[in-house]
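Student: Chains as they are written, first to last, in the numbering used here: chain A, 1 to 97; chain B, 1 to 93; chain C, 1 to 113; chain D, 1 to 313.
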Amino acid sequence: MSAVANLWTILTVSAGVFFYFAGTVGLLRFPDTYTRLHALTKADNLGVGLVVLGLLPRSGSVLGGLKLLSIWLLVLLSASTVSQLIARAARRREPRA
Amino acid sequence: MNEFLLVAAAFVLAMVALGLTRVLRGPGDADRMMAPLLLGTGGIGALLLLGAATGADGVIDVALILAVLAAFAAIAFVKASEETDETGSEDNA
Amino acid sequence: MSTPTLFGLSAAVLVGLGLYGVIAHPQPLRKIVAFNVIGSGVFLLLGAIARRGAAAGMGGDPVPQALLITGIVVAFSATALAIALLLRLFGETGSVTLSSDAPAKADGDKAHG
Amino acid sequence: MIGIVDTGLALLILGLAVWAIVARDTFAAVVGFVAYGLLLTLIWVRLHAVDVALTEGAIGGGLAGALLIGAAARLRSTEAAARSERPGVPLRILAAVLAAGVTAALAVCVLTLPVPAPTLAHETAAHVAATGVGNPITAVLLAFRAMDTLLEAIVLLFALVGVWSLAPDRAWGGRPGPRQRADPNGTLAYVARVLPPIGIIVGAYIFWVGADYPGGKFQGATILAAMWLLVMMAGLADAPPIRKTWLRLGLVAGPLVFIAIGFAGVATAGAFLAYPEGYAKPLILVIEFALMPSLALTLGLLLVGAPQRQEER
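(1) To the nearest angstrom, report how far apart residue 66 of chain B and residue 67 of chain C are at their CA atoms.
(2) Whole angstroms are fine: how far does the CA of residue 68 of chain D sit from the CA of residue 231 of chain D?
(3) Are any of the Cβ atoms in chain G nearer than 9 Å to that of residue 56 of chain B?
(4) Taking just the CA atoms, how far does residue 60 of chain C sit from residue 296 of chain D?
(5) Could you tell me which residues DSSP puts in a beta bridge with residue 74 of chain D?
(6) Mind checking who residue 29 of chain A pairs with in its DSSP beta bridge?
(7) Using C-beta distances below 6 Å, list every residue in its chain close to residue 29 of chain A, excluding the 5 sequence neighbours before and after it, in chain order.
(8) Could you spell out the range, first to last residue, of the beta strand (DSSP E) harbouring residue 65 of chain C?
(9) Here's the rule: buried if 16 or more other CB atoms are within 10 angstroms of the residue's CB, otherwise exposed. What is residue 246 of chain D?
(10) Select from the stretch 90 to 106 of chain D all residues with a C-beta closer than 9 Å to any C-beta belonging to chain C, and list them in chain order.
(11) What residue range is occupied by the uninterrupted alpha helix (DSSP H) comprising residue 241 of chain D?
(12) Using CA atoms only, rank isn't needed, just tell me which of B:40, B:72 and B:49 is closest to residue 2 of chain D.
(13) Quick check: what's the CA-CA separation for residue 171 of chain D versus residue 237 of chain D?
(14) Which chain D residues are close to residue 164 of chain A, counting only those with a beta carbon under 9 Å from its beta carbon?
(15) Taking the C-alpha atoms as reference points, what is the distance between residue 46 of chain C and residue 114 of chain D?
(16) Tell whether a beta-carbon distance below 9 Å holds between residue 52 of chain D and residue 69 of chain C.
(17) Would you kindly work out how many angstroms separate the C-alpha atoms of residue 112 of chain D and residue 104 of chain D, rounded to a whole number?
(18) With which residues is residue 309 of chain D paired in a DSSP beta bridge?
(19) In chain order, which alpha helix (DSSP H) runs of at least 4 residues are fully inside the stretch 130 to 207 of chain D?
(20) For the pair the stretch 132 to 140 of chain D and the stretch 276 to 286 of chain D, tell me if three or more CB-CB distances fall below 8 Å.
(21) Inspect the beta-carbon positions of residue 6 of chain B and residue 4 of chain D and report whether they are closer than 9 Å.
(22) Within the continuous alpha helix (DSSP H) that includes residue 274 of chain D, where are the two ends?
(23) Compute the distance between the beta-carbons of residue 41 of chain C and residue 33 of chain C, then report whether it is under 9 Å.
(24) By DSSP, does residue 292 of chain D sit in helix, in strand, or in coil?
(25) I want to see whether chain A comes within less than 9 Å of residue 113 of chain D, judged by CB atoms only; does it?
(26) How many angstroms separate the CA atom of residue 125 of chain D from the CA atom of residue 63 of chain C?
(27) So the alpha helix (DSSP H) residue 96 of chain C belongs to, where does it begin and stop?
(28) Say whether chain C places a C-beta atom closer than 9 Å to the C-beta of residue 235 of chain D.
(29) Count the other CB atoms within 10 Å of the CB of residue 84 of chain D; is the residue buried (16 or more) or exposed (fewer)?
(30) With 16 as the cutoff for other CB atoms within 10 Å, does residue 31 of chain A come out buried or exposed?
(31) Under a three-way DSSP split, which group does residue 93 of chain A fall into?
(32) Does the distance between the C-beta of residue 8 of chain C and the nearest non-hydrogen atom of the ligand ATP fall short of 8 Å?
(33) Taking the alpha carbon of residue 98 of chain C as the point to measure from, which residue in D:108, D:100 and D:87 has its own alpha carbon closest?
(34) So, at 6 Å on beta carbons, what are the nonlocal neighbours of residue 128 of chain D in its own chain, with the 5 sequence-adjacent residues on each side left out?
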């Protein structure tokens, strides 16, 4: 049982780490603010989500698991709205620059 | 197993560091505002991995606080820049 | 190197960096940031010392850790006051200079803001 | 492996501190400092100071970040003028030498700290049962060193009085901060509707677990203050005029209850802020309950700033 749980953790955390990697590559390689914002908020959130899923079997209690999941949901909420707001702020300044 | 989680945490931290070198250089304020976002996702990921690896309790609560407040600094930036744009103070960013 | 020593030495560097910033930057906001770097360096030093005092099943000496919580909150309130002063100065004069030989044009009409 | 993580954290925090000090652009430096504050949270976890990590995450990552970034964005136009005031090379070299000297002295102190390290953990552990709370830090904050906490709450109030006193005469008693224009269908209004209920639950939870696990009133109050500010920034609710009696009562209620219990201690237990035998835990809970809303109000209003608008009638 714990071997299965460990395998699950290793697989999902590895996948999560890969998305962090992808997000950083996007951040370094993409040409403008909007695409970089896109890379950061999409890929990294998938990274957080997979890390959370991977750590779920180790959380020990139902409350701990719920807290982990709500962390992911909160990060999703704030990243999705903040990326909109930041992109809009960048856009507003663009014609002047 | 813990060793694996630590390696993952170190890797995520390295990604955050790399990302920071890019976003802090700008050129615009909006690019720089990605730094707190990057810490919001990468920092929380590394924190959770670190907490799981070292078995420190209460770490999930720390991540929870960071997640609740992740949007806060960015929203303050958006409001302040709206304000300055409206009052017409020229900024050649 | 043990974890407390590593972060204790980092704290020493942070205090030095912040001190340089406070002296070398003319801009008040930069001074405030630098001052906060000094503050966090001091906190980190205290945190490293607290960690060395781990005993009785606790991860660190709880007395300095409680002091740290108090310190962080008080440092924040001082920062908020400093920034409010700065924004008021900016609203009044349109600049934030601390230099004494700057044109003192705002002196005449400061009464009615 | 943990050594590599620690070293990485230390290098990253030093790199961000260097950036916050030397970056040319003030906004860039301030954003770097906010990232620095968030990263510091991870270091507190590594130093087994989870209570401190919670405080740093709430204050350093949330409130202070918003405060500094807001100020930097508003002061952008002063950037060019300030650059010309940069002190000359001799002064900067002198500052660097002084800073290096301080760093060296501190480093020597760190390397020669006494072994075994002095600690009050044993004393705390021996007396924590008498207070009835399970979290030793809460016991220190509200029983062994309750005076510090009382004075801290009062310092916060003084800071707020300081901020308010910066108001121009015509705005005295009015509403602080600029008027926010609300866009009821905007993204910001959406976050400001969805996040605060969750934030309030998290804040109350962090406050509640503080008796036995890491957490407590400061961290909880900070989250509540942040949620209030979010609603104000989105324009869903305006900041209250500072002359309102309920507001001022709310600000002082917590410290007043604290002081009253302190004086009651003189009568019942023989010392200021002493708790009578067996009543420690209920009294601590009363103080925490009274202090938390006052702290949340104070922290929130500290961020909004000085009154700027005379009340319109």
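Backbone N, C-alpha and C fix where the C-beta goes; we use that ideal spot for every residue, glycine too.
Tutor: On the basis of the coordinates in this document:
(1) Stepping through the second sequence from its first residue, residue 66 of chain B is reached at position 66. Stepping through the third sequence from its first residue, residue 67 of chain C is reached at position 67. Computed Cα separation, rounded: 22 Å.
(2) Translated into positions along the fourth sequence, residue 231 of chain D becomes position 231. Translated into positions along the fourth sequence, residue 68 of chain D becomes position 68. Approximately 19 Å, taken between the alpha carbons.
(3) The question asks about chain G, but that chain is absent: this structure's protein chains are A, B, C and D.
(4) In the fourth sequence, counting from the first residue as 1, residue 296 of chain D sits at position 296. In the third sequence, counting from the first residue as 1, residue 60 of chain C sits at position 60. Whole-angstrom Cα-Cα distance: 28 Å.
(5) Position 74 of the fourth sequence, counting from 1, holds the residue named residue 74 of chain D. Residue 74 of chain D pairs with nothing; no bridge assigned.
(6) Within the first sequence, the letter at position 29 stands for residue 29 of chain A. DSSP output for residue 29 of chain A lists no bridge partner at all.
(7) Here the question's residue 29 of chain A lines up with position 29 in the first sequence. Once the five neighbours on either side are set aside, residue 29 of chain A has no close Cβ partner at all.
(8) Along the third sequence, read from residue 1 onward, the residue named residue 65 of chain C stands at position 65. Unbroken run through residue 65 of chain C is the alpha helix (DSSP H), 62 to 93; no beta strand (DSSP E).
(9) Taking the fourth sequence and counting its residues from 1, one reaches residue 246 of chain D at position 246. That one is exposed.
(10) 91, 92, 94, 95, 96, 98, 99, 100, 101, 102, 103, 104, 105 and 106
(11) Your numbering for residue 241 of chain D matches position 241 in the fourth sequence. Run containing residue 241 of chain D: none; DSSP gives neither H nor E here.
(12) Start at 1 with the first residue of the fourth sequence, and residue 2 of chain D comes out as number 2. If we check each option's Cα against that of residue 2 of chain D, B:49 comes out closest.
(13) Within the fourth sequence, the letter at position 171 stands for residue 171 of chain D. Within the fourth sequence, the letter at position 237 stands for residue 237 of chain D. So the two alpha carbons sit approximately 19 Å from each other.
(14) Chain A is shown from 1 up to 97; residue 164 of chain A falls before or after that span and cannot be answered.
(15) By one-based count along the third sequence, residue 46 of chain C stands at place 46. By one-based count along the fourth sequence, residue 114 of chain D stands at place 114. Near 14 Å, if we compare the C-alpha coordinates of residue 114 of chain D and residue 46 of chain C.
(16) Within the fourth sequence, residue 52 of chain D is the residue found at index 52, counting from 1. Within the third sequence, residue 69 of chain C is the residue found at index 69, counting from 1. The answer is yes: Cβ separation under 9 Å.
(17) Reading the fourth sequence from its first residue, position 112 is the one you call residue 112 of chain D. Reading the fourth sequence from its first residue, position 104 is the one you call residue 104 of chain D. Straight-line Cα distance between these residues: approximately 12 Å.
(18) In the fourth sequence, the residue the question calls residue 309 of chain D occupies position 309. According to DSSP, which records beta bridges pairwise, residue 309 of chain D is partnered with D:175.
(19) 136 to 139 and 146 to 164
(20) yes
(21) Taking the first residue of the second sequence as 1, we reach residue 6 of chain B at position 6. Taking the first residue of the fourth sequence as 1, we reach residue 4 of chain D at position 4. In contact: residue 6 of chain B and residue 4 of chain D (Cβ atoms closer than 9 Å).
(22) Locating residue 274 of chain D in the fourth sequence gives position 274, where the first residue counts as 1. That residue, residue 274 of chain D, is in no alpha helix (DSSP H); it is neither H nor E in DSSP.
(23) Within the third sequence, numbered from 1, the residue matching residue 41 of chain C stands at position 41. Within the third sequence, numbered from 1, the residue matching residue 33 of chain C stands at position 33. Cβ distance not < 9 Å, so residue 41 of chain C and residue 33 of chain C don't count as in contact.
(24) The residue given as residue 292 of chain D occupies position 292 in the fourth sequence. Three-state result, residue 292 of chain D: helix.
(25) By one-based count along the fourth sequence, residue 113 of chain D stands at place 113. Residue 113 of chain D does not count as touching chain A.
(26) Your numbering for residue 125 of chain D matches position 125 in the fourth sequence. Your numbering for residue 63 of chain C matches position 63 in the third sequence. Their Cα atoms are separated by approximately 11 Å.
(27) Residue 96 of chain C sits at position 96 when you count from the first residue of the third sequence. No alpha helix (DSSP H) holds residue 96 of chain C; DSSP gives it neither H nor E.
(28) Translated into positions along the fourth sequence, residue 235 of chain D becomes position 235. No - not a single Cβ of chain C is within 9 Å of the one on residue 235 of chain D.
(29) Your numbering for residue 84 of chain D matches position 84 in the fourth sequence. So residue 84 of chain D ends up on the exposed side.
(30) The sequence position of residue 31 of chain A within the first sequence is 31, counting from 1. Its Cβ having fewer than 16 others within 10 Å, residue 31 of chain A is exposed.
(31) Position 93 of the first sequence, counted from the start, is the residue given in the question as residue 93 of chain A. In the structure shown, residue 93 of chain A sits in a helix (DSSP, three-state: H, G or I).
(32) Because no ligand of any kind appears in the structure shown, any question about the ligand ATP cannot be addressed here.
(33) Stepping through the third sequence from its first residue, residue 98 of chain C is reached at position 98. Per the Cα distances, D:87.
(34) On the fourth sequence, position 128 is the one that residue 128 of chain D refers to. These residues qualify, in order along the chain: 136 and 139.
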